[in-house]
Amino acid sequence: MTKDTNIPFIGRGWKFPPEFDNIHGEVRMSEGNDDISESIEILLSTYVGERLLNPKYGCDLSILFFESLTVSKEKFLKDKIETALLRYEPRIKVLNIQMTNKSQQGRIEIDIEYLIKTTNSRSNMVYPFYLNEGTNL
Numbered sequence: 004m005t006k007d008t009n010i011p012f013i014g015r016g017w018k019f020p021p022e023f024d025n026i027h028g029e030v031r032m033s034e035g036n037d038d039i040s041e042s043i044e045i046l047l048s049t050y051v052g053e054r055l056l057n058p059k060y061g062c063d064l065s066i067l068f069f070e071s072l073t074v075s076k077e078k079f080l081k082d083k084i085e086t087a088l089l090r091y092e093p094r095i096k097v098l099n100i101q102m103t104n105k106s107q108q109g110r111i112e113i114d115i116e117y118l119i120k121t122t123n124s125r126s127n128m129v130y131p132f133y134l135n136e137g138t139n140l
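So for the sequence shown, the numbering used here puts the first residue at 4; every next one is plus one.
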């Protein structure tokens, strides 16, 4: 990410996955655009109901596990992702979501284009959803 979008007023939070500075005894933090990207990654990788104190938080992508990615499923998942981002990541406006089926590599790539509202700057991230995660395949 570019340095000029890592402005503190965009946000600051724990680095994801959590990292610790053993020398200073502190938690490593991420700011700005990096914090937003990590927040999106956490949201997409959390199942609805997984967080006890916020049971509606998350974006259940498990529909991708056992069925092929049809046009109707892709539309359903895009809507589900956009709704989750709208609800739980207010710092951004979703511009576009594309899904690329990489079934030969065992994943689906979810490309999210978004606008950071406070800086009016565009950004994107690719979230790899692994279809065979946790299996011996």
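Glycine included, every Cβ here is placed at the ideal spot set by N, Cα and C.
Alpha helix (DSSP H) containing residue i: first to last residue?
{"i": "R2", "result": "Residue 2 cannot be examined here, being either before or after the span of the chain that is shown, 4 to 140."}
Under DSSP, the beta strand (DSSP E) around residue i begins and ends at which residues?
{"i": "N99", "result": "I95 to K105"}
{"i": "E44", "result": "That residue, E44, is in no beta strand (DSSP E); its alpha helix (DSSP H) goes G35 to S48."}
{"i": "P131", "result": "S124 to Y133"}
{"i": "I113", "result": "R110 to I119"}
{"i": "R31", "result": "R31 -> no beta strand (DSSP E), and no H or E assigned at all."}
{"i": "G16", "result": "R15 to W17"}
By how many angstroms is the C-alpha of residue j removed from the C-alpha of residue i?
{"i": "E85", "j": "V97", "result": "7 Å"}
{"i": "S75", "j": "K83", "result": "12 Å"}
{"i": "T8", "j": "T49", "result": "Summary for T8: the model assigns pLDDT 49, below 50, so the residue's position carries little reliability; its value from the coordinates is reported in the next sentence. Cα-Cα distance, rounded: 26 Å."}
{"i": "K120", "j": "L55", "result": "30 Å"}
{"i": "C62", "j": "R94", "result": "17 Å"}
{"i": "I43", "j": "N127", "result": "11 Å"}
{"i": "L89", "j": "N99", "result": "13 Å"}
{"i": "M4", "j": "P20", "result": "In this prediction, M4 scores a pLDDT of 42, lower than 50, which makes its location untrustworthy; no coordinate-derived value is stated."}
{"i": "M68", "j": "K78", "result": "Checking the sequence, you will find Phe at residue 68 rather than Met. If I take the Cα positions, the gap works out to 16 Å."}
{"i": "W17", "j": "A87", "result": "21 Å"}
With a CB to CB cut of under 8 Å and the five nearest residues on each side skipped, what residues in its chain are close to residue i?
{"i": "I23", "result": "In the sequence under discussion, the amino acid at residue 23 is Phe, which differs from the Ile named in the question. Excluding residues within five positions, the ones whose Cβ falls inside 8 Å are E29, V30 and R31."}
{"i": "Y133", "result": "G109 and R110"}
In chain order, what residues of the same chain have a beta carbon less than 7 Å from the beta carbon of residue i, not counting five sequence neighbours either side?
{"i": "P58", "result": "G52"}
{"i": "Y60", "result": "T49, R54 and Y91"}
To which residues of the same chain is residue i closer than 6 Å at the C-beta, ignoring the five residues directly before and after it?
{"i": "T103", "result": "E112"}
{"i": "Q101", "result": "D114"}
{"i": "K6", "result": "Only weak support exists for where K6 lies, its pLDDT of 48 falling under 50; the coordinates are left without a value."}
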